[in-house]
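Read the structure below first, then the notes.
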């Protein structure tokens with residue numbers, strides 16, 4: 007929808023940035039083909055419709071926690087319930103899987119929490 011066809015905007019939100027922060031915003035806006043003000047508006051309004059997601063750092067921490075949970079659970083299964091012999095090779099295989107699939111492990115955990 008063209009901005010001229012939208013409801014008239016009568017409220018302002020302003021905030022200050024360092025030169026480095028402004029440059030980052032400007033670069034992101036230019037990459038999206040927009041000016042910094044329009045880009046910031048779209049990002050803010052997108053947050054309202056999509057909810058509050060994880061920041062990049064939050065996501066990294068969550069993936070690490072999910073990976074540890076995965077490893078602890080599989081470690082106990084190997085030790086106490088698996089028909090598979092508890093060997094260093096088995097553990098290496100599981101840790102390699104956890105490293106390769108950390109994003110999928112975290113996504114699966116988030117999906118189970120949302121049900």
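Residue numbers (the working numbering): 7 to 121. Glycine residues also receive a C-beta, built at the ideal position from the N, C-alpha and C atoms.
Residue i, buried or exposed, once every other Cβ within 10 Å from all chains shown has been counted against 16
i, result
"residue 76", "buried"
"residue 19", "exposed"
"residue 112", "buried"
Among the options, nearest to residue i - alpha-carbon criterion
i, options, result
"residue 93", "27, 80, 14", "80"
"residue 78", "101, 65, 64", "101"
"residue 96", "44, 49, 82, 70", "82"
"residue 67", "35, 118, 109", "109"
"residue 70", "15, 105, 119", "105"
"residue 29", "46, 16, 91, 98", "46"
Cβ separation of residue i and residue j, assumed to be a contact under 8 Å, to the nearest whole Å
i, j, result
"residue 23", "residue 72", "33 Å between Cβ atoms; not a contact."
Where residue i sits in the DSSP three-state scheme
i, result
"residue 19", "coil"
"residue 113", "helix"
"residue 41", "coil"
"residue 98", "helix"
"residue 87", "helix"
"residue 107", "coil"
"residue 35", "helix"
"residue 59", "coil"
"residue 72", "helix"
"residue 14", "coil"
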